[in-house]
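To start, the structure itself, in structure tokens.
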Amino acid sequence: MRHALGLAALLLALSGCATQEAPPAVIGSTQGTTLVQVGRITEVRDRTIADPARGVGAMVGTVVGAVLGSTIGSGYGSTAASVGGSIAGGVAGNAMEKSANTRTETQVTVQLDSGELRTYSVTSGEVFRVGDPVRIVTRNGISQVTR
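In mature numbering (1 follows the signal peptide of the UniProt record, and there is no 0), the protein residues as written are -18 to -1, 1 to 129.
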């Protein structure tokens, strides 16, 4: 019986020496939960995102073009200029709206210390390179990648 207790105590003491990967840090507070993970950048790429045009630019351009076109000439000439101005204004307004709704974002792929790969969109204020060590801080479902 003594040997069994001694063996059990020895096994228990040795199991404390086993190396295990540390889990990601989770911090709880009254403001919610914060998860902190670390990893390395494996890929960096820029991506252009174009939000769909809603037609507001084309509509405003059409009205402005028609009004400006109607001030040219008189009679049928004024009508023709109004129609031409509305078409040109609509095309120009649509193009302006599309350009205003296009943005570029940087995406980084991170291999976490756990081996998992994740891709994040980051603000363009910080430059990331492949191999950079990073921290991913997630608060209330929103992740931020920092060096």
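Ideal Cβ positions, reconstructed from N, Cα and C, are used throughout, including at glycine.
(request) Report all residues from its chain with a CB closer than 6 angstroms to the CB of glutamine 93; omit the five preceding and five following residues, and keep chain order. (result) Locating residue 93 in the sequence shown gives position 111, counting from the first residue. Excluding sequence neighbours, glutamine 93 sits near Gly21, Arg22, Thr24, Leu99.
(request) Could you tell me which residues DSSP puts in a beta bridge with leucine 99? (result) One-based indexing of the sequence shown puts residue 99 at position 117. DSSP, once it has assigned bridges, lists Gln93 as partnering leucine 99.
(message) Taking 8 angstroms as the limit between beta carbons, can you name the residues of its chain near residue 130, skipping five residues before and five after?
(response) Nothing in the structure corresponds to residue 130, since the chain is present only between -18 and 129.
(request) Using a threshold of 8 angstroms, state whether the C-beta atoms of glycine 47 and alanine 82 are closer than that. (result) If you number the sequence shown from 1, residue 47 lands on position 65. If you number the sequence shown from 1, residue 82 lands on position 100. Not a contact, by the Cβ cut-off of 8 angstroms.
(request) State the beta-bridge partners of glutamate 25 as determined by DSSP. (result) Within the sequence shown, the letter at position 43 stands for residue 25. Answer by DSSP bridge pairing, in chain order: Thr91.
(request) Taking serine 56 as part of the alpha helix (DSSP H), name the residues at either end of that continuous run. (result) Translated into the one-based positions of the sequence shown, residue 56 becomes position 74. Segment: none, serine 56 is in no alpha helix (DSSP H) and carries neither H nor E.
(request) Tell me where the beta strand (DSSP E) around threonine 128 begins and ends. (result) By 1-based counting over the sequence shown, the position of residue 128 is 146. From DSSP, the beta strand (DSSP E) with threonine 128 extends over 124 to 128.
(message) Excluding the 5 residues flanking arginine 129 on each side, which residues of the same chain have their C-beta closer than 8 angstroms to its C-beta?
(response) The sequence position of residue 129 within the sequence shown is 147, counting from 1. Answer for arginine 129: Glu108, Phe110, Asp114, Pro115, Val116, Arg117, listed in chain order.
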